[in-house]
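Novice: 1 is the number of the first residue of the sequence shown in UniProt numbering; add one for each residue after it.
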Amino acid sequence: MKITAIIGSPRKNGDCFKTIKMLENSFNRISETQVDYVFLKDLDLGFCKSCLLCYTKGEQYCPHNQVTGLLLDKMTDSDIVIFACPVYEQQVTALMKNFYDNFSFMFHRPRFFGKKAILLSSTGGSGLKETLSYMKMTAIGWGFDIAGVIGVCGSSLSTDEKYKMDVQSKIGKLVDKICKNKKEGQPSLYQLAMFRAMQCKAIKSAQKKNVEYNYWLERGWLDKNYYTSIEIGLAKQIYSEFLKHVMKKMMNGKNILIN
Ligand SMILES: Cc1cc2nc3c(=O)[nH]c(=O)nc-3n(C[C@H](O)[C@H](O)[C@H](O)COP(=O)(O)O)c2cc1C
Numbered sequence: 001m002k003i004t005a006i007i008g009s010p011r012k013n014g015d016c017f018k019t020i021k022m023l024e025n026s027f028n029r030i031s032e033t034q035v036d037y038v039f040l041k042d043l044d045l046g047f048c049k050s051c052l053l054c055y056t057k058g059e060q061y062c063p064h065n066q067v068t069g070l071l072l073d074k075m076t077d078s079d080i081v082i083f084a085c086p087v088y089e090q091q092v093t094a095l096m097k098n099f100y101d102n103f104s105f106m107f108h109r110p111r112f113f114g115k116k117a118i119l120l121s122s123t124g125g126s127g128l129k130e131t132l133s134y135m136k137m138t139a140i141g142w143g144f145d146i147a148g149v150i151g152v153c154g155s156s157l158s159t160d161e162k163y164k165m166d167v168q169s170k171i172g173k174l175v176d177k178i179c180k181n182k183k184e185g186q187p188s189l190y191q192l193a194m195f196r197a198m199q200c201k202a203i204k205s206a207q208k209k210n211v212e213y214n215y216w217l218e219r220g221w222l223d224k225n226y227y228t229s230i231e232i233g234l235a236k237q238i239y240s241e242f243l244k245h246v247m248k249k250m251m252n253g254k255n256i257l258i259n
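1) Quick check on Tyr190: buried or exposed, where buried means 16 or more other Cβ atoms within 10 Å of its Cβ?
2) Go through its chain and collect everything with a Cβ distance to Asn65's Cβ below 8 Å, but skip five positions before and after it.
3) Got a sec, what are the start and stop residues for the beta strand (DSSP E) Thr4 sits in?
4) At a cut-off of 7 Å, is Ser126 close to ligand 1 when judged by its beta-carbon and the heavy atoms of the ligand?
5) Hey, is the segment 114-125 in contact with the segment 135-153, meaning 3+ C-beta pairs nearer than 8 Å?
6) How big is the Cα-Cα spacing for Met75 and Cys48?
7) Residues in the same chain with beta-carbon distance under 6 Å from Val175, minus the five sequence neighbours each way, listed in chain order, please.
8) Along the chain, which unbroken stretches of the alpha helix (DSSP H) at least 4 residues long are found entirely within the segment 171-215?
9) Report yes if the C-beta of Asp15 is less than 7 Å from at least one heavy atom of ligand 1; otherwise report no.
10) What residues in its chain sit with their C-beta under 6 Å from that of Asp42, if we drop five residues either side in the sequence?
11) Pick from Lys183, Ala206, Lys208: whose alpha carbon is nearest that of Thr228?
12) First and last residue of the alpha helix (DSSP H) that includes Ser133?
13) Considering Val92, what are the terminal residues of the beta strand (DSSP E) in which it resides?
14) Check whether the Cβ atoms of Gly141 and Pro110 lie closer than 8 Å to each other.
15) Work out the CA separation of Tyr213 and Ser133 for me, nearest whole Å.
16) Report whether the distance from the Cβ of Asp215 to the nearest heavy atom of ligand 1 is below 7 Å.
17) Name the residue from Met106, Leu72, Gly46, Gln199 whose alpha carbon lies nearest to the alpha carbon of Lys244.
18) Under 8 Å between the Cβ atoms of Thr123 and Pro86?
19) For the beta strand (DSSP E) that contains Ile150, what are its first and last residues?
20) Roughly how many whole angstroms lie between the Cα atoms of Cys51 and Met250?
21) Measure the C-alpha to C-alpha separation of Gln168 and Asp160 and round it to an integer number of angstroms.
22) Does Leu234 come out as helix, strand or coil in the three-state DSSP assignment?
23) Between the beta-carbon of Leu222 and the beta-carbon of Ala202, is there less than 8 Å?
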């Protein structure tokens, strides 16, 4: 099994790293697994320049393509990608946010269908929910199946042996579940909503005949119910049809929020 861990902590031997090691141990109990540890702090990934070339011409035109291209290859070549980031000010670190910003086009041109993501965060005590739900939204937006979500309290990990054993045991159970469950799951309501929102955007870009429109056209997604050919249950189909109409109204680019 090929696993890549993208790590948004500035600490190399920190709590996120230690928790990924627990995951690696658990995977190795089942089959030989090597995790490729990618520390964002070691990469020369600049801030997104907002040139929008990834949107208008293609990701290969990104001025940071030397790094983003490498990261994209690593994610593409993996069976599972672990996104790991500590909570900083109740959210992901700037390192991780910069990584997400550089791949923002992937919301519009998702590609990781059939690939699993594990989301992992470590905290001093608060912000796990906010941080992990942001990471979840991004992974779903890029097309990943969320195989697991792990949140730990960093200080207890290093001071409380019982807590550490509890985390290791829960991680072991999660890994067993991931390895047993090979089938593509039904898309959640959230995934369907995300699909409809992006489909609406792609249809709107038809006039521009841009990269996004062509990407959707080539994959036949412009008039589909979902990205993959998975059979969607009737109730979800009805919900999805309803969403199609709601999104058309919502995505008119004229929102104003003033309180
Ligand atoms: C700049 C900074 C901001 C942080 N913000 C929070 C926070 O908002 N809430 C919290 O509970 N812990 C916060 N922490 C603690 C880290 O989330 C915690 O120590 C985490 O386990 C570190 O993981 P790492 O070792 O993988 O970097 C912060 C730490 C730093 C250095």
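For every residue, glycine included, the Cβ atom is placed at its ideal position computed from N, Cα and C.
Quick caveat, the model's predicted, so the values are computed rather than measured.
Specialist: The answer reads as follows:
1) To locate residue 190, count along the sequence shown from 1; it is residue 190. By the 10 Å Cβ count, Tyr190 comes out exposed.
2) Residue mapping note: residue 65 aligns to position 65 of the sequence shown, counting from 1. Contacts found: Glu59.
3) The residue you call residue 4 lines up with position 4 of the sequence shown. Per DSSP, Thr4 belongs to the beta strand (DSSP E) from 2-7.
4) Translated into positions along the sequence shown, residue 126 becomes position 126. It does: the Cβ of Ser126 is within 7 Å (strictly closer) of some heavy atom of ligand 1.
5) yes
6) Here residue 75 corresponds to residue number 75 of the sequence shown, with the count starting at 1. Here residue 48 corresponds to residue number 48 of the sequence shown, with the count starting at 1. Each residue's alpha carbon lies about 19 Å from the other.
7) Residue numbering aside, residue 175 sits at position 175 when the sequence shown is read from its first letter. Take Val175, set aside five residues on each side of it, and the residues of its chain with a beta-carbon closer than 6 Å to its own are Ser26, Phe27, in chain order.
8) Whole alpha helix (DSSP H) segments, 4+ residues: 189-204.
9) Here residue 15 refers to the residue found at position 15 when the sequence shown is read from its first residue. Judged by the Cβ position, Asp15 qualifies as a neighbour of ligand 1 at the 7 Å threshold, a heavy atom of the ligand being closer than this.
10) Within the sequence shown, numbered from 1, the residue matching residue 42 stands at position 42. Here the set comprises nothing.
11) Along the sequence shown, one-based indexing puts residue 228 at 228. Considering only alpha carbons, the answer is Lys183.
12) The residue given as residue 133 occupies position 133 in the sequence shown. That run of the alpha helix (DSSP H) goes 128-141.
13) Reading the sequence shown from its first residue, position 92 is the one you call residue 92. Counting along the chain, Val92 falls outside any beta strand (DSSP E), and DSSP gives it neither H nor E.
14) Counting from one through the sequence shown, the residue named residue 141 turns up at place 141. Counting from one through the sequence shown, the residue named residue 110 turns up at place 110. Yes; because the gap between Cβ atoms is below 8 Å, this pair is in contact.
15) Stepping through the sequence shown from its first residue, residue 133 is reached at position 133. Stepping through the sequence shown from its first residue, residue 213 is reached at position 213. Going by the C-alpha atoms only, they are around 28 Å apart.
16) Counting from one through the sequence shown, the residue named residue 215 turns up at place 215. As written in the sequence, residue 215 is Tyr, which differs from the Asp given in the question. No heavy atom of ligand 1 is found nearer than 7 Å to the CB of Tyr215.
17) As a working mapping, residue 244 is identified with position 244 in the sequence shown. Cα-wise, what sits closest to Lys244 is Gln199.
18) As a working mapping, residue 123 is identified with position 123 in the sequence shown. As a working mapping, residue 86 is identified with position 86 in the sequence shown. Against a cut-off of 8 Å, the Cβ pair of Pro86 and Thr123 comes out as a contact.
19) As a working mapping, residue 150 is identified with position 150 in the sequence shown. Ile150 -> beta strand (DSSP E) spans 145-153.
20) Walking along the sequence shown from the start, residue 51 turns up at place 51. Walking along the sequence shown from the start, residue 250 turns up at place 250. Take the alpha-carbon of Cys51 and the one of Met250: they are about 26 Å apart.
21) Taking the sequence shown and counting its residues from 1, the one referred to as residue 168 is at position 168. Taking the sequence shown and counting its residues from 1, the one referred to as residue 160 is at position 160. Cα to Cα, Gln168 sits roughly 12 Å from Asp160.
22) Residue mapping note: residue 234 aligns to position 234 of the sequence shown, counting from 1. Helix at Leu234.
23) If you number the sequence shown from 1, residue 222 lands on position 222. If you number the sequence shown from 1, residue 202 lands on position 202. In contact: Leu222 and Ala202 (Cβ atoms closer than 8 Å).
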